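Numbers given in this note's numbering equal positions in the sequence shown, counted from 1, plus 8.
Taking it in order: structure first as structure tokens, then the write-up.
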Amino acid sequence: MAAKALTHPEEWIRRAVVYQIYPRSFQDSNADGIGDLNGITRRLDDLAALGVTVLWLCPFFQSPMKDNGYDISDYYAIQPEFGTMQDMDRLITEARARDIDVIIDMVLNHTSDKHAWFRKALADPESPFRDYYIFRDDLTGLADLRSNFGGSAWTQTPDGAWYFHAFAKEQPDLNWENEAVRREIYAMMSWWLDKGVRGFRMDAITFIKKDPAFPPLPPDGPDGRTDVGKACLNRPGILDFLHEMKDNTYGPRGALTVAEAPGVPAADLPDYIGPDGVFSMVFDFSYTDIDLVPGDLWARRRPWTFAEFKQRLFVNQLAVEKTGWAANYLENHDQPRSISKYFTPSQIEKYHDRLAKLLGTLFFFLRGTPFIYQGQEIGLTNTRFEDIDELDDVNSHGQFARCLDEGLTPEQALDSINRRSRDHARYPMQWEDVPGFGFTEGTPWLAFGRTCPDRTVAGQRGDPDSVWNYYKSMIALRNRSAWSDVLFDGDFEPDDTGDELISYRRTNGGSVVHVTVNVTEHEVDASEWLPECGTILLDNCADAAGARYTPFEARVWTDAEA
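If you want it as structure tokens, here you go:
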């Protein structure tokens with residue numbers, strides 16, 4: 009039976025391959041050690057050669073950089089270290105000349121405390137800008153909430169009032185109940201769409217709706233506070249805001265929207281990504297955060313298995329398939345490197361490239377739009393931090409402080425940071441085997457990774473067996489092959505293969521493509537579960553054949569002809 013015909017999201021979104029760029033760490037063009045917009049433009053030919061069709065840029069707006077740009081002080085200005093508005097215009101134009109669209113991060117839950125609105129709110133309690141944020145005269149009877157970065161979610165101002173922040177104290181939350189705030193936001197988003205961006209990634213968007221009463225909640229940690237997400241995530245009434253935003257900005261333009269939307273259960277997916285939903289896609293955190301206890305310390309690592317990983321991945325795929333379209337990813341600027349997360353150091357040492365290709369194969373052919381994070385295509389791994397002062401990430405510093413408060417030693421605290429820090433994804437990109445890795449001729453803002461100095465784009469482009477060329481082959485198979493229709497729009501069907509294999513198939517009419525990976529260090533015979541292997545379309549092992557899967561083998565294949 010043919011796969012269900014899709015009209016949402018638009019075809020160009022379904023067929024996109026998105027590449028996420030963390031501008032500060034991508035390419036420096038002026039030797040100041042900081043990546044910038046002109047650096048991204050310089051690397052467009054590399055990205056076009058890989059085959060990506062959309063760039064997602066993390067924040068480049070004017071910002072004090074307390075949270076590396078996710079604390080915006082002016083939505084209409086470029087942070088000087090990243091360049092100028094003219095540089096941004098040139099990037100959009102040059103990308104489009106290579107058939108690459110640009111989408112940008114939208115941070116709409118909060119601003120920087122240096123934003124003109126907040127500065128005016130502090131300067132005059134009677135100012136209309138006071139109601140742009142969430143202020144309270146005292147906290148009596150209000151929930152004692154722990155911010156996402158640790159510590160209280162309430163900070164006192166010099167005049168004795170308190171303001172709310174779900175993240176750092178330098179990131180005060182906007183008051184979405186105020187229509188004037190919403191009008192300002194919609195005008196700004198429309199301005200960027202007019203400038204030529206083709207869509208948005210919505211940061212922390214499910215935090216925007218609060219209960220103004222902030223009723224008390226039971227504490228969930230030794231600090232006596234409650235995780236802020238329990239008071240702010242996906243609250244009743246949020247969809248009114250989101251539909252209004254869509255109708256007034258990106259909806260009529262057919263733009264790509266993908267939401268960081270924690271707290272959205274499967275039952276609510278139709279409201280978010282259905283035919284009448286508010287976004288094109290939402291990210292699923294169930295399998296990327298499988299090692300975490302929600303809201304808890306990174307140090308309290310959650311045990312997991314690949315059997316559970318498979319179950320979470322498949323549950324999400326099946327739930328999304330009923331109503332909309334998935335955003336498939338392994339890495340982003342908030343996650344450690346996927347190879348280091350899912351495999352042991354000894355496995356990585358022995359099988360590095362095979363593991364990088366395995367993970368790529370597993371996620372890339374799922375039903376949905378694939379998102380690649382910079383450096384993923386060359387198999388970058390976590391680095392190693394020897395001291396907390398080497399880290400820039402505000403969340404890592406917050407986690408370290410919480411660990412010490414709860415009695416862990418500095419060594420234990422640093423060990424947890426080394427497993428989960430966001431700076432693993434933020435050390436500079438490795439382009440060439442030269443001093444500065446082709447990223448900069450100056451001193452990089454964050455030290456280069458210590459664990460994989462031999463992995464560069466230039467080195468891998470010339471190696472047909474490299475991770476980079478494997479990613480290029482995956483993109484070509486999905487986007488430009490005889491199997492593209494089934495890999496784009498085919499149904500997702502999981503295979504029951506026991507715990508040692510993760511296997512699924514994409515089907516569209518009479519076309520079937522299988523994706524099977526062996527997640528063990530030993531050979532596995534798949535003949536008990538899977539049909540006879542016909543044509544192997546892509547494989548991470550040179551000697552792939554038949555029903556036997558070598559350690560950590562990944563295979564994309566078709567049925568044998570009857």
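From the three backbone atoms N, C-alpha and C, an ideal C-beta is built for every residue, glycine too.
Here the structure is a predicted model, which means the values were calculated and not measured.
*Quick one: grab the DSSP three-state call for residue 478.*
helix
*Could you check what DSSP says for residue 403 in three-state terms: helix, strand or coil?*
helix
_Checking the sheet assignment: what are the DSSP bridge partners for residue 164?_
170
*Does the distance from the C-beta atom of residue 122 to that of residue 67 stay below 9 Å?*
no
*Taking 9 Å as the CB-CB cut-off, is residue 149 touching chain B?*
Among the protein chains of the structure shown there is no chain B, as only one such chain exists.
*Report the option in 539, 437, 104 and 502 whose CA atom is closest to the CA atom of residue 341.*
437
*Drop a sphere of 10 angstroms on the beta-carbon of residue 354, count the other beta-carbons inside from all chains shown, and report buried for 16 or more, exposed for fewer.*
exposed
_Which same chain residues end up closer than 7 Å to residue 398 when comparing Cβ atoms and leaving out the 5 residues on each side of it in sequence?_
455
*From residue 216 to residue 166, what distance separates their C-alpha atoms?*
26 Å
*asked:* Only counting the same chain, and skipping five residues up and downstream in sequence, which positions put a Cβ closer than 6 Å to that of residue 113?
replied: 66, 67, 209 and 211
*asked:* Out of 559, 522 and 557, which one is the CA nearest neighbour of residue 545?
replied: 522
*Express the C-alpha separation of residue 179 and residue 158 in angstroms, rounding to a whole number.*
13 Å
*Could you tell me which of 361, 174 and 85 sits nearest to residue 560, measuring between CA atoms?*
361
*Helix, strand or coil: which one does DSSP assign to residue 389?*
coil
*Is DSSP giving residue 133 helix, strand or coil here?*
coil
*Is the number of C-beta pairs between the segment 179 to 193 and the segment 421 to 441 that are closer than 8 Å three or more?*
no
*From residue 570 to residue 534, what distance separates their C-alpha atoms?*
Confidence at residue 570 is low in this model, with a pLDDT of 40, below 50, so its placement is unreliable and the value that follows should be read with caution. Going from the Cα of residue 570 to the Cα of residue 534 covers about 19 Å.
*asked:* Here's a check: name, in chain order, each residue in its chain whose Cβ is nearer than 6 Å to the Cβ of residue 243, leaving out the five neighbours to either side.
replied: 217
*Could you work out which residue in 432, 417 and 241 is closest to residue 392 when comparing CA atoms only?*
432
*For residue 402, which residues of its own chain have a beta-carbon under 7 Å away from its beta-carbon, when the five flanking residues on both sides are left out?*
74, 75, 157 and 176
*Residues in its own chain within less than 7 Å of residue 8 by CB, not counting five upstream and five downstream?*
Since the first residue of the chain shown is 9 and the last is 570, residue 8 is not available in this structure.
*asked:* Quick check: the Cα distance between residue 470 and residue 42, rounded to an integer number of angstroms?
replied: 27 Å
*In angstroms, rounded to a whole number, what distance separates the CA positions of residue 506 and residue 238?*
36 Å
*Are the beta-carbon atoms of residue 197 and residue 280 separated by less than 9 Å?*
no
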